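Below is one structure, written out as structure tokens; comments come after it.
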Amino acid sequence: MLTIYSEQQKLHNPAREFLGGDLVPYLESPKRMDYVLEALQRNNTGRIERPEGFSTEPIARVHRPDYIAFLETAWERWHQTYPEADQASPYCFPHRGLRHVIPEQIEGALGYYSMDLTAPVVEGTWKAIRASVDCALTAAKRVREGEPVAFALCRPPGHHASVDLMAGYCFFNNAAVAAQALLDKGADKVAILDVDYHHGHGTQSIFYSRNDVLFASLHADPRQDYPHYLGHEDETGEGDGQGFNLNLPLALHVTGWAEYRRALEVALGRIDEFQPDYLVVSLGMDTYERDPISFFSIKTPDFVELGHCLAALKTPTLFVFEGGYELEALGNNTVSVLEGFSS
Ligand code: SP5
Ligand code: ZN
Numbered sequence: 001m002l003t004i005y006s007e008q009q010k011l012h013n014p015a016r017e018f019l020g021g022d023l024v025p026y027l028e029s030p031k032r033m034d035y036v037l038e039a040l041q042r043n044n045t046g047r048i049e050r051p052e053g054f055s056t057e058p059i060a061r062v063h064r065p066d067y068i069a070f071l072e073t074a075w076e077r078w079h080q081t082y083p084e085a086d087q088a089s090p091y092c093f094p095h096r097g098l099r100h101v102i103p104e105q106i107e108g109a110l111g112y113y114s115m116d117l118t119a120p121v122v123e124g125t126w127k128a129i130r131a132s133v134d135c136a137l138t139a140a141k142r143v144r145e146g147e148p149v150a151f152a153l154c155r156p157p158g159h160h161a162s163v164d165l166m167a168g169y170c171f172f173n174n175a176a177v178a179a180q181a182l183l184d185k186g187a188d189k190v191a192i193l194d195v196d197y198h199h200g201h202g203t204q205s206i207f208y209s210r211n212d213v214l215f216a217s218l219h220a221d222p223r224q225d226y227p228h229y230l231g232h233e234d235e236t237g238e239g240d241g242q243g244f245n246l247n248l249p250l251a252l253h254v255t256g257w258a259e260y261r262r263a264l265e266v267a268l269g270r271i272d273e274f275q276p277d278y279l280v281v282s283l284g285m286d287t288y289e290r291d292p293i294s295f296f297s298i299k300t301p302d303f304v305e306l307g308h309c310l311a312a313l314k315t316p317t318l319f320v321f322e323g324g325y326e327l328e329a330l331g332n333n334t335v336s337v338l339e340g341f342s343s
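Letter by letter, the sequence shown follows residues 1 to 343 of full-length UniProt numbering.
Encoded structure:
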């Protein structure tokens with residue numbers, strides 16, 4: 001299987017994140033790339049190519065122009081205010097009862113464009129998030145040109161990013177930008193299946209009122225885990241998008257492959273009925289039994305099965321890498337999905 005990957009993605013390398021009331025080493029680390037690359041090479045999974053460089057135009061089809069412009073200069077502005085700091089994080093947000101007026105001052109602006117504290121901006125963030133989108137767009141282009149399937153090894157991930165908000169390690173929504181690009185180049189319908197442990201609330205919100213993109217997601221019940229405030233079963237779309245959003249929340253601690261597979265069949269059935277021109281898979285590997293922040297118990301061989309089930313849709317497919325934090329198993333688990341798809 002063709003993989004698209006860029007070393008530039010490693011330039012986003014924050015030292016710390018907030019977790020459990022403490023600052024801990026940043027889980028979404030550039031090392032994740034190395035583990036996946038190593039496994040791809042060891043298993044001869046296929047060609048690994050560099051992405052093409054795209055302009056911000058396809059990003060602006062999904063994200064608000066002022067959000068894109070903010071991200072481009074956020075580090076520079078932070079650095080001017082805090083010359084000693086190695087990362088920028090917001091501390092204050094335009095919550096209920098407050099006005100959504102974009103502040104001039106960087107800390108206020110950073111809170112305006114952030115849902116939470118888990119997407120810190122550092123010096124290399126802009127270059128890395130552009131490279132990550134380039135990987136998704138290049139892989140989408142290859143599939144459009146006839147490649148039956150491609151893997152965009154994206155980092156930072158994207159599915160928590162919405163039109164104008166960063167969140168959960170995500171800045172630009174790689175899967176959403178790729179899906180929109182496929183539509184803009186002539187596709188009528190694209191399905192996005194999100195199998196990351198966390199609900200892809202950014203992707204859901206981007207396409208919530210549209211019927212040309214079906215969003216289906218299997219994830220930890222938001223009553224029990226991040227992103228906490230979206231991802232419930234009764235979110236089914238609105239306006240033209242009514243019926244084109246499918247959430248299958250699953251309970252923590254009791255979801256193994258048998259339970260997961262039953263929900264997967266429901267999602268695949270809906271996608272099959274939708275008859276998309278392309279399938280975009282938001283491929284998070286944090287459903288794994290030993291993931292440090294997650295509570296499902298999917299095992300390595302189950303990931304082969306997952307790939308196999310996805311292939312049954314017989315639809316040109318783009319895999320876009322999302323979460324997954326158990327480094328030792330991350331490579332094998334990722335390759336397991338890709339090989340299950342191809343075998
Ligand atoms: C792309 C992606 O997977 N983003 C996930 C961001 C999750 N960040 C919040 C995690 C909060 C986890 N609480 C877990 C308690 C562990 N003991
Ligand atoms: Zn996740």
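Positions of the beta carbon are idealized from the N, C-alpha and C atoms, including for glycine.
Fair warning: this is a prediction, and the values are worked out from it, not measured in the lab.
Here DSSP, grouped into helix, strand and coil, assigns C309 to helix.
Bounds of the alpha helix (DSSP H) holding Y112 are 106-112.
Closer than 6 angstroms to some heavy atom of the ligand ZN: that describes the Cβ of D286. When DSSP states are grouped into helix, strand and coil, V163 belongs to the coil group. Taking 4 residues as the shortest admissible run, the region 257-312 contains the following complete alpha helix (DSSP H) segments, listed from N- to C-terminal end: 257-274, 300-311. By the beta-carbon neighbour count (other beta carbons within 10 angstroms, threshold 16), K141 is buried. Of V266, Q275, P222, the smallest CA-CA separation from P249 is found for P222. The beta carbon of A109 sits closer than 7 angstroms to those of F70, I102, P103, all from its chain and outside the five residues before and after it, given in chain order. One Cα belongs to K299, the other to K314, and the distance between them is close to 25 angstroms.
By the neighbour-count definition (other C-beta atoms within 10 Å, threshold 16), C92 is an exposed residue.
Collapsing the DSSP output to three states places E49 in a strand. Beta-bridge annotation (DSSP): L318 is paired with A150, V280. The Cβ-Cβ distance between Y278 and L165 does not fall below 7 angstroms.
Non-local C-beta neighbours of C154 in its own chain, meaning closer than 6 angstroms and more than five positions away in sequence, comprise S132, C135, A136, N174, V320, F321, ordered along the chain.
Setting aside the 5 residues that flank it on each side, I68 is surrounded in the same chain by T56, I59, A60, each with a C-beta closer than 7 angstroms to its C-beta; the list follows chain order.
DSSP, reduced to helix, strand and coil, places F215 within a strand of the structure shown. Around the C-beta of R32, 16 or more other C-beta atoms lie within 10 Å, and the residue is accordingly described as buried. For E238, the three-state secondary structure derived from DSSP is coil. Per DSSP, the continuous beta strand (DSSP E) segment holding D194 begins and ends at 190-194. Remark: C-beta atoms of G284 and Y197 approach each other more closely than 7 angstroms. Relative to the non-hydrogen atoms of the ligand ZN, the Cβ of H228 never comes closer than 6 angstroms to any of them.
I4 carries a strand assignment under DSSP once its states are collapsed to helix, strand and coil. In this chain, the beta strand (DSSP E) harbouring R16 covers 16-19.
At a Cβ-Cβ threshold of 7 angstroms, A139 and I271 do not count as neighbours. Distance from the CA atom of A39 to the CA atom of A311, rounded to whole angstroms, is 21 angstroms. P58 carries a helical assignment under DSSP once its states are collapsed to helix, strand and coil.
The continuous alpha helix (DSSP H) containing N174 extends over residues 174-184. The closest CA to that of V280, considering only E76, R42, V143, P90, is found on V143. Across the structure, P30 and A15 are spaced so that their CA atoms are roughly 11 angstroms apart.
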